[in-house]
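K.L.:
With this note's numbering as the guide, the letters of the sequence shown map in order to residues 553 to 659.
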Amino acid sequence: MPLVIEQTGNSATVKIWAHRLNRGNARLFLRQMRPILSRYTHIMVDINRVIDIDPYGVSSLLTCRHRAEKQDRELTLRQGYDKGDHLFAELFQRAQVFLDTGKSMYI
Numbered sequence: 553m554p555l556v557i558e559q560t561g562n563s564a565t566v567k568i569w570a571h572r573l574n575r576g577n578a579r580l581f582l583r584q585m586r587p588i589l590s591r592y593t594h595i596m597v598d599i600n601r602v603i604d605i606d607p608y609g610v611s612s613l614l615t616c617r618h619r620a621e622k623q624d625r626e627l628t629l630r631q632g633y634d635k636g637d638h639l640f641a642e643l644f645q646r647a648q649v650f651l652d653t654g655k656s657m658y659i
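1. Tell me the residue span of the beta strand (DSSP E) that contains I595.
2. Could you tell me the distance, in whole angstroms, from the CA atom of Y608 to the CA atom of Q559?
3. Assign V566 to one of three DSSP states: helix, strand, or coil.
4. Apart from the five residues on each side of it in sequence, which residues of its chain come closer than 6 Å, Cβ to Cβ, to F581?
5. Would you please state the rounded distance, in angstroms, between the beta carbons of V597 and R619? I believe it to be under 8 Å.
6. Where does Q623 sit, in a helix, a strand or coil, going by DSSP?
7. Can you find the residues in the same chain that come closer than 8 Å, C-beta to C-beta, to A564, ignoring five residues on each side of it along the sequence?
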């Protein structure tokens, strides 16, 4: 999965340069994010180009957030020019919908 990383000191913006974050590429995304999460203290994930996120994509973003928090890092989502951390709240709501339908989100 193509990621574009823009770094400034201990901060990085990771742009997902793909239209989909789904079952087909969620594991690859998690593998690519692992070194980024351990290197930078603040990571902004730009999902502006992503137009299709399935339960696996949602799970991968939530997993990244969880891993960052365990390492005392901060991970936020951005769509467009908005700081957009409210997008995580939206993802959590989507995750609840997926869990209610009985579909597994975990990778």
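Glycine is no exception: its CB is placed at the ideal position from the N, C-alpha and C atoms.
P.N.:
So, from the listed chains and residues:
1. Position 43 of the sequence shown, counting from 1, holds the residue named residue 595. First-last of the beta strand (DSSP E) with I595: 594 to 598.
2. Within the sequence shown, numbered from 1, the residue matching residue 608 stands at position 56. Within the sequence shown, numbered from 1, the residue matching residue 559 stands at position 7. Between the C-alpha atoms of Y608 and Q559 there is a straight-line separation of about 27 Å.
3. Within the sequence shown, residue 566 is the residue found at index 14, counting from 1. Correct three-state label for V566: strand.
4. Within the sequence shown, numbered from 1, the residue matching residue 581 stands at position 29. Counting only Cβ-Cβ distances below 6 Å, and skipping sequence neighbours, we find M553, S612.
5. Sequence index remark: in the sequence shown, residue 597 carries index 45 (1-based). Sequence index remark: in the sequence shown, residue 619 carries index 67 (1-based). Taking a contact as a CB-CB distance under 8 Å, the pair V597 and R619 does not count as one, their CB atoms being some 12 Å apart.
6. As a first step, residue 623 is located in the sequence shown; it is residue number 71 there, counting from the start. Coil at Q623, not helix or strand.
7. Looking up residue 564 in the sequence shown gives position 12. Excluding residues within five positions, the ones whose Cβ falls inside 8 Å are I557, E558, I588, R591, Y592, H594, I595, M596.
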